[in-house]
Every structure is written in C-alpha cells, then in structure tokens.
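Worksheet: one structure, shown below.
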Amino acid sequence: GAVVSQHPSRVICKSGTSVKIECRSLDFQATTMFWYRQFPKQSLMLMATSNEGSKATYEQGVEKDKFLINHASLTLSTLTVTSAHPEDSSFYICSAQGGWTGELFFGEGSRLTVL
Amino acid sequence: QQQVKQSPQSLIVQKGGISIINCAYENTAFDYFPWYQQFPGKGPALLIAIRPDVSEKKEGRFTISFNKSAKQFSLHIMDSQPGDSATYFCAASIDSGGYQKVTFGTGTKLQVIP
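Same order as they appear, the protein sequences are chains A and B. The first sequence begins at 466 in our numbering and counts up one residue at a time. The second sequence begins at 10 in our numbering and counts up one residue at a time.
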C-alpha cells in the first residue's frame, strides 16, 4: 500500500530554537497533506491542511506564524515549529490523501520534546 | 465542539471475546466513516471504513455496523487477540473541495488479555 514517511521520528531541542519535520509520500503524489497534533492519550487534532503550491489552511486556534507549513512539491510537506517552547512538546503526525480510493495514509509521527 | 463522540474510553476484553466500540456523530453531511488503529508511538493506520449507504461492512474479524437514522456506528472485533491491543479511533469525513476532511473520535484504548 501507499506509504507516508515522516522524519525525524524523535527530536529534542532547546527552548527558542526552530524544528523542521518532513512528511513525504513515497509512492504516490499527494496534492493535499494534513498535519495533526496528538497529546498523550488524546485524539488527533487537525492543525492545518497543506495544499501543494499554495498557502496552508490552518484550523481555528492554530498559530500560522508558529507552525509554518510548506508544501513545495507533490510528495513533500514540511512543518516548522518556530521558537519552540516546552508547551509545544507533542506528537506531530502528518497524513496524505492518495491512491484511487482517496484513502488517508498516515506517517509514523514525530515526537518533539522542547527542553 | 466534539462532532464525533466515542465510547468507551478504555476496554478490556478476554482473548477470544468480542470488542465493541461505539461512535456517534452530529453532522449529517459526513459521507465516509473510517476506523483507525494506532499502536503506541506510531501513526494511525486505516482498519476498515464504511459509507452511509451501507448498514454493515465486514472484513475478516472486523465489522462496522452503521445506523444512519440514529447517526451512530460501531466497530466489532470478533475473536479478539492480544495483538489487537491498541488505541482505536473512529472518524467521520466530509468532502471539502477535493479532499476528505477527517474528524476523529476521542479514541478507545483496547487491551486484550490472554
């Protein structure tokens, strides 16, 4: 089946630094990718919808200047957490819609820890 | 606003038993209802899905029952196995201009004990 690769799987950074997370669709082109945030033992919260070649659409309450999303190609979307703080520590997951079924494929997630 | 409500929050089932997870939705515009399975530290994976014009869908040990009038749907896992221990999320999606926008339930942590 289709695969979505997410990198890095784990990242630890100091407060105030920026962190970039990559999401790649490996065997299909994804016009639309999605970024989620998941807190421990909680559901996935949609942060933004990333469209290739255009600006991302952010959900209410998500700071677009804090969470920069770039969808430069049909196979790559990146999420940059700028000036990270401990409260940004979370599990970030991307997904891409692809294939003839339009099924949503998820990446393995990226665990961000901000010290 | 929680558009998809899921219960129970956690579930313990004996090996070989039936696991049942229930979900209810509010928005009648939802047109696709997938279930996802998530293991710790991993992203969710699609388990089974149904569209509202069908009342039941079965794939192996997994069955979705769908009640459109009640706006409810459920996942049944027959002959539950320890390997089924995971968190399960129901979801509902709607076509938003060429892509499916998915709303997730709150999740059910299933533990199957030997």
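No residue lacks a Cβ here, since even glycine has one placed at the ideal position from N, Cα and C.
Within the 8 Å Cβ cut-off, does residue i reach chain A?
i	result
Phe111/B	Before going further, note that residue 111/B is Val rather than Phe in the sequence given. So, interface residue.
Lys51/B	yes
Tyr97/B	no
Tyr34/B	no
Thr37/B	no
I'd like to know if residue i contacts chain B, where contact means its C-beta is closer than 8 Å to some C-beta of that chain.
i	result
Gln562/A	yes
Thr497/A	yes
Ile534/A	no
Gly526/A	no
Ile558/A	yes
Ser508/A	yes
Would you report the Cα separation of residue i and residue j, rounded to the nearest angstrom?
i	j	result
Gln503/A	Thr115/B	11 Å
Arg70/B	Gly25/B	11 Å
Gln525/A	Leu533/A	15 Å
Glu548/A	Thr482/A	First, the residue type needs correcting, since residue 548/A is Ser and not Glu in the sequence shown. Cα-Cα distance, rounded: 5 Å.
Leu541/A	Pro123/B	42 Å
Lys479/A	Pro551/A	9 Å
His85/B	Asp530/A	43 Å
Gln47/B	Glu528/A	27 Å
Check whether the Cβ atoms of residue i and residue j sit closer than 8 Å, and answer yes or no.
i	j	result
Ile486/A	Leu544/A	yes
Leu539/A	Glu517/A	yes
Ala101/B	Tyr45/B	no
Ala58/B	Tyr41/B	yes
Arg576/A	Ser508/A	no
Ser560/A	His536/A	no
Ser89/B	Ile27/B	yes
Ala521/A	Gln562/A	no
So residue i contacts chain E; which residues on that side make the cut at Cβ distance below 9 Å?
i	result
Phe571/A	No chain E appears in the structure shown, which is made up of the protein chains A and B.
Quick one: residues in its chain with C-beta nearer than 8 Å to the C-beta of residue i, no 5 flanking neighbours on either side, listed in chain order?
i	result
Gln120/B	Ser19, Leu20, Ile21, Val22 and Ser94
Note down, in chain order, each residue of its chain lying with its Cβ closer than 6 Å to the Cβ of residue i, except the 5 sequence neighbours on either side.
i	result
Asn36/B	Gln12
Lys14/B	Ala33
Ser553/A	Note on identity: in this sequence residue 553/A is Asp, with Ser being the wrong assignment. Hits under 6 Å: Val546 and Val579.
What does residue i pair with, by DSSP beta-bridge criteria?
i	result
Pro43/B	Ala58/B
Arg475/A	Arg576/A
For residue i, which residues of its own chain have a beta-carbon under 7 Å away from its beta-carbon, when the five flanking residues on both sides are left out?
i	result
Tyr108/B	none
Phe39/B	Ala101, Ser102 and Ile103
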